[in-house]
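Novice: For reference, the structure I am asking about is given below.
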Amino acid sequence: MTVRDIIKRAFLVEIIKGMALTLKMMFTKPVTIQYPEERRRVYEGFRGRHAFVRDAVSGKEKCIGCMKCANICPAQCITIAKEKIENKLVVVKYDIEALRCIYCGYCVEVCPVCALVLTEEYEYSSTDKAALYFDKEKLLKNWDEFAAKQQSETYFNKFWRPDGVDSAKMPKSKREQGPVPTRPVLKPAEPAPVAAMPKETAQP
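Numbering (our numbering), first residue to last: 199 to 402.
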């Protein structure tokens, strides 16, 4: 043990340094947020829970089963199955395994009809693995829960039209995609059928 070490021990130099740092930090603004009482602002483009955009008129998903999202996914966490029903290809299965997802956003960028979105919702942790497997119904429910929290009546995700990408190379449906309604669009009421007038009978 050196003389310097003996002096440090005798005068408690290290303890005094630690107490000085503690006293200094007592009068500084905390850098932590007291979650869940406090929440940090979520900025536009945050990649959170997956959702299927629900068509405000039909009430169904917009997915056309092109397979682009499944093919581009680096984590291979998307499973799609299609069937031909009444001479039309219908997506009968669409699953996302959120536990494998790396939240790169490629699936959202490549979708030609802007059917998929990574919402700004981040509070969906669970101890149940099954809760983090999203099928079609769950993806639509995720959208409903996200849309219900939106103050605006429309929503547009920045990954539908990424910065730096030539819009001329995008599909027409993607170029023309505007903000989507977050509230159901009421269909106009159909006019009531006009009752047939009774035929007049000839008088004898």
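A virtual CB, placed ideally from N, CA and C, is assigned to each residue, including glycine.
As an exercise, report each continuous beta strand (DSSP E) stretch of at least 3 residues that is fully enclosed by the stretch 306-386, in chain order.
Specialist: Listed in chain order, they are 314-316.
Novice: Assuming residue 337 and residue 250 form a contact by the criterion Cβ under 8 Å, report the distance between their Cβ atoms to the nearest whole angstrom.
Specialist: Contact flag correct, Cβ pair sits at about 4 Å.
Novice: Which value, in whole angstroms, describes the spacing of the CA atoms of residue 259 and residue 313?
Specialist: Approximately 7 Å, taken between the alpha carbons.
Novice: Quick check: the Cα distance between residue 296 and residue 242, rounded to an integer number of angstroms?
Specialist: Taking the straight line joining both Cα atoms gives about 21 Å.
Novice: Kindly indicate the opening and closing residues of the beta strand (DSSP E) around residue 220.
Specialist: No beta strand (DSSP E) contains residue 220, which is instead part of the alpha helix (DSSP H) from 211-224.
Novice: Does the beta-carbon distance from residue 246 to residue 319 come in below 7 Å?
Specialist: Yes, these two residues count as a Cβ contact at 7 Å.
Novice: Using C-beta distances below 8 Å, list every residue in its chain close to residue 236, excluding the 5 sequence neighbours before and after it, in chain order.
Specialist: If we look at residue 236 and ignore the five residues flanking it on each side, it has no Cβ neighbours.
Novice: In whole angstroms, what is the alpha-carbon distance linking residue 323 and residue 240?
Specialist: Going by the C-alpha atoms only, they are around 17 Å apart.
Novice: Determine whether the beta carbon atoms of residue 308 and residue 266 lie at a separation below 7 Å.
Specialist: It is a contact, given that the beta carbons lie within the stated cut-off.
Novice: According to DSSP, simplified to helix, strand and coil, what is residue 176?
Specialist: This structure leaves residue 176 out entirely; the chain is present only between 199 and 402.
Novice: Please identify the residue among 335, 360 and 329 whose C-alpha is closest to the C-alpha of residue 290.
Specialist: For residue 290, the nearest C-alpha among the options comes from 335.
Novice: How many Å lie between residue 253 and residue 264 at the Cα?
Specialist: About 18 Å.
Novice: Does the beta-carbon distance from residue 345 to residue 380 come in below 7 Å?
Specialist: Yes, these two residues count as a Cβ contact at 7 Å.
Novice: Go ahead and pull the three-state DSSP assignment for residue 253.
Specialist: Correct three-state label for residue 253: coil.
Novice: Can you tell which of 349, 286, 351 and 375 has the C-alpha that lies nearest to the C-alpha of residue 359?
Specialist: Closest option to residue 359, Cα to Cα, is 375.
Novice: For residue 276, is the classification buried or exposed, using 16 other Cβ atoms within 10 angstroms of its Cβ as the cut-off for buried?
Specialist: Per the 10 Å Cβ criterion, buried.
Novice: Considering Cα atoms alone, identify which of 321, 225, 222 and 372 is closest to residue 354.
Specialist: Out of 321, 225, 222 and 372, 372 has the C-alpha closest to the C-alpha of residue 354.
Novice: Going by other Cβ atoms of all chains shown within 10 Å of its Cβ, with 16 needed for buried, is residue 269 buried or exposed?
Specialist: Exposed.
Novice: Straight-line CA distance for residue 311 to residue 298?
Specialist: Taking the straight line joining both Cα atoms gives about 24 Å.
Novice: Is residue 240 helix, strand or coil when you go by DSSP?
Specialist: Coil.
Novice: In three-state terms, what does DSSP make of residue 201?
Specialist: Note: residue 201 maps to helix in three-state DSSP.
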